[in-house]
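Have a look at the structure below, then the notes.
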Amino acid sequence: MRMRRIGCSRSCLRRSLRVVNILVNMCGVGMIIYSIWLLKKWDEGVSQLPPESRSSLPRPWFILVSLAVGIIICLSTLFGHMVANCDSKSVLSIYVISIFSLVLLQGGVIIAIFFKMDLASQLVKYIDDEHKSFKSFIMFHLYMCRVISIMALVAQISVVLLAVTLWIVGTEPAVRHDVPDLKHSFLISDDDDEEEEEEEDSPRTRNRVDFLLRTSSPIEI
1 MRMRRIGCSR SCLRRSLRVV NILVNMCGVG MIIYSIWLLK KWDEGVSQLP PESRSSLPRP
61 WFILVSLAVG IIICLSTLFG HMVANCDSKS VLSIYVISIF SLVLLQGGVI IAIFFKMDLA
121 SQLVKYIDDE HKSFKSFIMF HLYMCRVISI MALVAQISVV LLAVTLWIVG TEPAVRHDVP
181 DLKHSFLISD DDDEEEEEEE DSPRTRNRVD FLLRTSSPIE I
């Protein structure tokens, strides 16, 4: 009963890991499309700025970070979907260590770009008042990229927790080895053994043995 419960929990964890990987992969694809669209809008807006502002404008690190996070998510979720179908615990361990390292690296980059660097003030300083629409567009999508990157990081942490739980439960089912009964030959079935025991214990057999013992005379030398 306990092994059946462990097997049920193992299959549920595998299905959950597959479903979460698929959902996170879709989010990664959405981040890639969104970042490419933002880069296109950025190039269009920068082309309308004066030449002196255009040359001193910093690079759109928030868009590049969002694009890199989307690519990392797609690659990691594809690897996670393959691991969810694998029965090797060593492969699952490698997956957990690699994804955990990527999550730490990704978190460090998000903190450095969106919280340590003051991108808003740097961008506003080089965009004049004649391009207020482009300035408001950049400020809004800077905030959106920050929120989306943090949500993607939380989703990857949930994938890591599911993988660690599956590693603790175990991927390989327990194999039970039955010891053969050496008292009986494999050529004789259990039904034949039962019939022989019934014949030996039947009253007819016992009466026949008693009759032979009474009628037999001792052998004279």
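For what it's worth, the numbering used here labels the leading residue of the sequence shown as 1, then goes sequentially.
All C-beta atoms in this analysis are idealised placements derived from N, C-alpha and C, irrespective of residue type, glycine included.
Problem set entry | Closest by C-alpha distance to N21, when choosing among G45, S76, S55 | Closest in C-alpha terms to N21, from the list G45, S76, S55, comes S76.
For this session: Identify the continuous alpha helix (DSSP H) that holds P51 and give its terminal residues.
Result: Run containing P51: 51-56, per the alpha helix (DSSP H) assignment.
For this session: Would you mind working out which of L166, L67, S101 sits nearest I148, comparing C-alpha positions?
Result: The shortest C-alpha separation from I148 is found at L67.
Problem set entry | Pair within 9 Å by beta-carbon distance, I63 and L23 | With contacts defined by Cβ atoms closer than 9 Å, I63 and L23 do not form a contacting pair.
Exercise. Relative to the alpha-carbon of V109, which residue among I150, R54, Y34, S16 has its alpha-carbon at the smallest distance?
Worked result: Looking at the Cα atoms, I150 is the closest of the given residues.
Exercise. Per the contact definition of three or more C-beta pairs closer than 8 Å, is the region 91-99 in contact with the region 114-127?
Worked result: Segments in contact, no.
Exercise. In chain order, what residues of the same chain lie with their CB nearer than 7 Å to the CB of H141, ignoring the 5 residues before and after it?
Worked result: Residues L38 of the same chain have their beta carbon placed closer than 7 Å to that of H141, with the five preceding and five following residues left out of the count.
Exercise. Is it buried or exposed for M31, if we count other Cβ within 10 angstroms and need 16 for buried?
Worked result: Flag for M31 reads buried.
Exercise. Less than 9 Å separating the beta-carbons of I113 and V65?
Worked result: Between I113 and V65, the CB-CB gap stays under 9 Å.
For this session: Could you tell me whether the Cβ atoms of A163 and L17 are closer together than 9 Å?
Result: It is a contact, given that the beta carbons lie within the stated cut-off.
Exercise. So what's R59 in DSSP terms, helix, strand or just coil?
Worked result: Coil.
For this session: Specify, as a first and last residue, the run of the alpha helix (DSSP H) that K125 falls within.
Result: Looking at the DSSP string, the run of the alpha helix (DSSP H) that includes K125 is 119-125.
Problem set entry | Own chain residues within Cβ distance below 8 Å of M117, not counting five before or after | Here the set comprises W61.
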